[in-house]
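Each remark here refers to the structure printed beneath this line.
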Amino acid sequence: MLSDTIAAVSTALGEGGIAIIRVSGPKAISEVAPLFRSTTPLTEVASHTVHYGHIINPVDGERMEEVLVTVMKGPRSFTTEDVVEISAHGGVISVRRVMDLLLQQDIRLAEPGEFTKRAFLGGRIDLSQAEAVIDLIRSKSDRAFSVALKQVSGSLSERIKSLRHTLIETLAHIEVNIDYPEHDVEEFTAEFIKAKSSEVMEGINKLLKTANEGKILREGITTAIVGRPNVGKSSLLNALARDNKAIVTDIPGTTRDVIEEYVTINNIPLKLLDTAGIRETMDVVEKIGVERSKAAFSDADLILLVLNANEELHEDELALMEQIHGRQALVIMNKMDLPPRLDKAKLLTFFDESSIVPMSVLEEEGLDKLEEAISELFFGGKLESGDLTYVSNVRHIALLKKAYKSLQDAYEAADMLVPIDMIQIDVRLAWEQLGEIIGDTAADSLLDQIFSQFCLGK
Ligand code: GDP
Ligand code: ZN
């Protein structure tokens, strides 16, 4: 079915030190061989060996590029097919010269994600692992990276498989008893179905609980810093960024209205938004006519309201507090190095003591308390670094919910002693829905959709 051979540049384009061009398919070795001049012809080298040589133009023998070529014969390769990787000098021109020659052979340009798709179709990884590869490429923090890495290695798959195993056992049990429909057996089977669906529902719930954390770990907690002009919002953003510089900084950050900064606090990625941005006159949210700032405020998972402890509460600030009501928020009483003028009792009518953090950004006092408060807020201090199995993919979440619903139906039907073969349908459905997560029962169109999210060359 996958009889053609594909190629793409697998490293980021541009001025890298080296660029790797990956070729995969049954003709990978035989089609690259005529382009490669070295001491040993490529068709004769052992698998998993690296060779120095030149890419030549097969027409006139002209040397086009100095390269290292790695040969990995299937199934011991990423795609499970024969793979040839050509390491060329980075740079657009050198890469294009090699690609041009490859595409003149019986090799076509790979679609985005096609290498990973082949790895999946070759049975080397399952669907949730393939999706984790996408996450891995995109992960914005160290911890998100660990989560994705763990998923690549199959921890979510393991859990799903074990839940499905329970369902298969249940189905088998039902199958046996359908043939013996005496009344007492039926009742016994109904009890069995109830117990087993509860067990699996509980397992699904556990996974779903991690979903929100998973999303946060992947995308970062969107944190809006709000407050009147001059209270120290930008100073706070800078201080947090200085202490916790994000692992990945290549995300386009500054826009006209909102300044974004990615930081990691106690391993939790935060997307900090200084909503005042460049124009300080628009600090108070009500007065912000800029849609982006408004959106940043209303979409934020967490709000950091900065107040000046050296001043009395301003009516704008009271209005802000009203707006923040019911949201996850921390109040920062900044400028504690100056004489206190802020009426804390008034603050306490809006906020818990625990969500008020006294601080002096100038003297770097209280930053650690803020960092603690943030991690307390989101993980209740309960996030164990050992257990990183998180569901973070919207498709997985939707399927888990569907499977849960199917089992709930099965449970209720069993409770009402509905004929067993009717219940069987729901149990089977749950089994299929869980299977879709790992790609066991996934339709082809779904596969295409998933793999097209990859960048070229992955
Ligand atoms: P923003 O308008 O809310 O972004 O406020 P800025 O971060 O630009 O700070 C306004 C002024 O307050 C600057 O001169 C800061 O140096 C000063 N500032 C910030 N934090 C503190 C603090 O903790 N103590 C004192 N005394 N001044 C501060
Ligand atoms: Zn500012």
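Under the numbering used here, the letters of the sequence shown match residues 239 to 696, in that order.
The beta-carbon is built from N, C-alpha and C at its ideal position, and this holds for glycine as well.
Of the residues 539, 397, 508, 256, the one whose Cα lies closest to the Cα of residue 638 is 397. The beta carbon of residue 595 sits no closer than 7 Å to any heavy atom of the ligand GDP. Non-local beta-carbon contacts of residue 320 in its own chain, meaning distances under 6 Å to residues more than five positions away in sequence, involve 266, 267, 311, 312 in chain order. Counting along the chain, residue 497 sits inside the beta strand (DSSP E) bounded by residues 497 to 503. Residue 291 carries a strand assignment under DSSP once its states are collapsed to helix, strand and coil.
Assignment of residue 467 by DSSP, reduced to helix, strand and coil, places it in the coil class. Within the DSSP secondary-structure output, residue 546 pairs in a beta bridge with 572.
If you look at residue 597, you'll find it isn't in any beta strand (DSSP E); DSSP assigns it neither H nor E.
As for any alpha helix (DSSP H) of minimum length 4 sitting wholly inside the segment 296 to 336, there is none. Exposed is the label assigned to residue 578, since fewer than 16 other Cβ atoms lie within 10 Å of its Cβ. The three-state secondary structure of residue 272, taken from DSSP, is helix. Non-local beta-carbon contacts of residue 599 in its own chain, meaning distances under 7 Å to residues more than five positions away in sequence, involve 470, 473, 474, 477, 572 in chain order. When rounded, the separation of the alpha-carbon atoms in residue 296 and residue 290 is 18 Å. Within its own chain, no residue has a Cβ closer than 7 Å to the Cβ of residue 560 once the five positions on either side in sequence are excluded. With a cutoff of 7 Å, residue 578 does not count as near the ligand GDP, since its C-beta is closer than that to no heavy atom of the ligand.
Relative to the ligand GDP, the beta carbon of residue 598 is positioned inside 7 Å of a heavy atom. At least one heavy atom of the ligand GDP is found less than 7 Å from the C-beta of residue 544. In the DSSP assignment, residue 258 falls within the beta strand (DSSP E) that extends over 256 to 262.
With a threshold of 16 other beta carbon atoms within 10 Å, residue 634 meets it and is buried.
The nearest non-hydrogen atom of the ligand GDP is 7 Å or more from the C-beta of residue 607.
Residue burial is scored here from C-beta neighbours: residue 662 has at least 16 other C-beta atoms within 10 angstroms and is therefore classed as buried. With a beta-carbon spacing of about 16 Å, residue 652 and residue 410 fall beyond the 8 Å limit used to define contacts. The alpha-carbon of residue 556 is positioned some 11 Å away from that of residue 563.
In this model, residue 540 and residue 448 are separated by some 18 Å (Cα to Cα). When C-alpha distances from residue 348 are compared across 248, 437, 315, 277, the shortest belongs to 248. Distances from the alpha-carbon of residue 333 to those of 293, 350, 272, 362 put 293 closest. In the structure shown, residue 555 adopts helical secondary structure according to DSSP, grouped into three states. Within its own chain, the residues whose Cβ lies closer than 7 Å to the Cβ of residue 499, once the five positions on either side in sequence are excluded, are 475, 479, 491, 510, listed in chain order.
In terms of Cα proximity to residue 587, the closest of 285, 569, 575 is 569.
Per DSSP, reduced to three states, the secondary structure at residue 656 is coil, with no helix or strand assignment.
Taking the Cβ of residue 469 as the reference point, at least one heavy atom of the ligand GDP falls within a distance shorter than 7 Å.
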